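Residue numbers (the numbering used here), protein chains in the order written: chain U, 49 to 150; chain D, 49 to 150; chain E, 49 to 150; chain S, 49 to 150. Just so you know, even glycine gets a beta-carbon here, dropped at the ideal spot from N, CA and C. Just so it is clear, the structure is predicted and the values come from calculations on it, not from any experiment. Down below is the structure, laid out as structure tokens.
Protein chains: 4
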Amino acid sequence: MAEPSAEHAQHGYIGDKDAYLRRLKRIEGQARGLQRMVEDEKYCIDILTQVSAMTKALESVALGLLEDHLAHCVVDAAAAGGPEADAKIKEASAAIARLVRS
Amino acid sequence: MAEPSAEHAQHGYIGDKDAYLRRLKRIEGQARGLQRMVEDEKYCIDILTQVSAMTKALESVALGLLEDHLAHCVVDAAAAGGPEADAKIKEASAAIARLVRS
Amino acid sequence: MAEPSAEHAQHGYIGDKDAYLRRLKRIEGQARGLQRMVEDEKYCIDILTQVSAMTKALESVALGLLEDHLAHCVVDAAAAGGPEADAKIKEASAAIARLVRS
Amino acid sequence: MAEPSAEHAQHGYIGDKDAYLRRLKRIEGQARGLQRMVEDEKYCIDILTQVSAMTKALESVALGLLEDHLAHCVVDAAAAGGPEADAKIKEASAAIARLVRS
């Protein structure tokens with residue numbers, strides 16, 4: 049994969065990048081598995097079971113990234129204080145609302 | 049893609065197979081896009097926005113498949129009646145519960 | 049409570065009305081409990097834990113009602129066949145989508 | 049309602065207590081309305097629509113409380129730093145996971 053350039057390295061908040069990449073690779077594999085199931089006209093309920101498993105895997109990645117974000121960006125902004133801290137809280141809350149509602 | 053064999057054709061409930069395959073292909077692309085974002089250490093909130101979009105796309109595929117399933121397998125079983133109809137309703141309800149809870 | 053009149057009895061699909069009423073009464077109690085917690089300024093995380101429990105209880109009532117509905121109204125319409133069956137499937141699918149997205 | 053005593057005042061994080069109490073009162077009313085609907089055997093789909101509306105109202109209260117919590121308790125702990133900040137982030141993340149999964 050692409051060498052992370054200095055320019056990209058500004059958000060070094062991700063706890064364990066390789067673990068996230070492995071999980072997302074597995075999710076990509078689940079998306080391909082679903083295509084095979086539809087192609088082969090597998091039983092609809094079995095396809096739905098796989099969709100639920102994939103949704104849970106995605107949700108779990110999102111919750112991990114969110115915790116990393118709170119622990120780094122939000123805590124740093126809070127320690128610095130001022131309007132930046134407020135803005136980070138509002139931004140994180142909006143992201144949480146999108147997750148809860150999706 | 050592969051010619052659906054007679055053996056595979058038993059669950060011909062899927063409304064528009066090609067449309068589902070296109071949507072799942074796009075979801076697979078979203079999973080790859082997320083890997084690039086993590087690889088490049090994009091801003092966490094932007095990654096979470098993409099995860100929410102991908103979850104919504106998956107959910108929408110699941111709801112479409114479920115409607116197709118109700119309209120074909122469940123309606124056919126209901127028309128035939130008997131214990132098979134009850135079993136199909138229980139099975140569909142369990143799948144709906146997994147979707148609602150995932 | 050009120051004697052169900054003949055007029056009200058048209059949707060006799062509900063498996064066990066008393067059980068649903070007891071569960072909804074308990075949910076009403078949870079809503080009152082939450083007001084006390086906010087009034088007493090209990091710890092936010094404890095309030096959120098109660099909200100999650102109440103949401104799960106509501107979700108579970110909804111899934112029960114939906115299964116009753118599929119087993120009665122939808123199965124009856126399917127057995128009768130025709131456009132009424134299609135309309136019932138569309139209506140149930142829209143209700144499922146609202147539950148999954150809420 | 050009861051005067052908040054000094055003892056209760058320890059978690060003064062709630063943005064606008066009266067607004068939350070009004071929203072929870074309305075949610076309690078929705079729970080009572082659902083009981084009437086079940087009692088009167090209203091059409092199942094209409095009951096489910098009300099359940100979805102009530103779930104959304106609860107969710108929205110939860111997201112508001114969570115934002116208040118992040119903006120007060122978590123920001124204060126973050127500004128103080130140390131293990132307390134880490135503990136608050138873990139606790140908030142667990143509450144978010146419960147909301148996302150409920």
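Check: Less than 8 Å separating the beta-carbons of Glu-107 of chain S and Val-86 of chain U?
Finding: no
Check: Does the beta carbon of Ile-137 of chain U come closer than 8 Å to any beta carbon on chain S?
Finding: Proximity of Ile-137 of chain U to chain S, defined by a Cβ-Cβ separation below 8 Å, is satisfied.
Margin query: By the three-class DSSP mapping on this structure, what secondary structure does Asp-64 of chain D have?
Written below: Asp-64 of chain D: coil per DSSP, three-state reduction.
Notebook entry, point to check: Closer than 7 Å: is that where the CB of Ala-126 of chain E sits relative to any heavy atom of the ligand SAM?
Noted result: For the ligand SAM, the structure offers nothing, since it holds no ligand at all.
Checklist line | Run of the alpha helix (DSSP H) containing Gly-130 of chain E, from where it starts to where it stops | finding: Element bounds for Gly-130 of chain E: n/a, residue is neither H nor E.
Check: Between Asp-64 of chain D and the rest of its own chain, which residues show a CB-CB distance below 8 Å, the 5 nearest in sequence each way excluded?
Finding: none
Notebook entry, point to check: Any C-beta of chain S sitting closer than 8 Å to the C-beta of Leu-147 of chain U?
Noted result: Yes, its Cβ sits closer than 8 Å to a Cβ of chain S.
Next item on the list: Counting only the same chain and skipping the five closest in sequence on each side, list residues whose C-beta sits under 6 Å from that of Val-122 of chain E.
Entry: Lys-136 and Ala-140
Notebook entry, point to check: Got a sec? Which residues, its chain only, sit under 8 Å from Ile-144 of chain D by beta carbon, not counting five neighbours each side?
Noted result: Leu-114
Item checked: Stretch-stretch touch, CB-based, cutoff 8 Å, three pairs: the region 70 to 84 of chain U with the region 68 to 77 of chain D -> Contact between the region 70 to 84 of chain U and the region 68 to 77 of chain D is present, with at least three C-beta pairs closer than 8 Å.
Next item on the list: Assuming Ala-126 of chain D and Ala-119 of chain D form a contact by the criterion Cβ under 8 Å, report the distance between their Cβ atoms to the nearest whole angstrom.
Entry: Between Ala-119 of chain D and Ala-126 of chain D the Cβ distance is about 11 Å, and since that is not below 8 Å, they are no contact.
Note to self: Check whether chain U comes within 8 Å of Glu-132 of chain D, counting only Cβ atoms and requiring the distance to be less than that.
What the structure shows: no
Item checked: DSSP-derived helix/strand/coil call for Ser-150 of chain E -> coil
Checklist line | Which of helix, strand or coil DSSP assigns to Glu-115 of chain D | finding: Helix, per DSSP.
Notebook entry, point to check: If we ignore side chains and look at the alpha-carbon of each, how far apart do Ala-67 of chain E and Gly-112 of chain E end up?
Noted result: 11 Å
Notebook entry, point to check: Do Asp-116 of chain D and Cys-92 of chain U have their C-beta atoms within less than 8 Å of each other?
Noted result: Yes, Cβ-Cβ distance for Asp-116 of chain D and Cys-92 of chain U is below 8 Å.
Next item on the list: Please classify Lys-138 of chain E: does DSSP put it in a helix, a strand, or coil?
Entry: Reduced to three states, the DSSP call for Lys-138 of chain E is helix.
Check: Taking Cβ to Cβ, would you say Ala-150 of chain D is nearer than 8 Å to Ser-100 of chain U?
Finding: At residue 150 of chain D the sequence reads Ser, which differs from the Ala that was named. Yes.
Check: So which residues on chain E does Val-99 of chain S lean against when the C-beta distance must stay under 7 Å?
Finding: Leu-106, Val-109 and Ala-110
Note to self: Quick check: the Cα distance between Thr-97 of chain U and Arg-146 of chain D, rounded to an integer number of angstroms?
What the structure shows: 8 Å
Note to self: On the CB-based measure, 16 or more other CB atoms within 10 Å of its CB, does Ala-110 of chain U come out buried or exposed?
What the structure shows: buried
Next item on the list: Give a yes or no on whether the minimum CB-CB distance between Glu-115 of chain D and chain U is below 8 Å.
Entry: no
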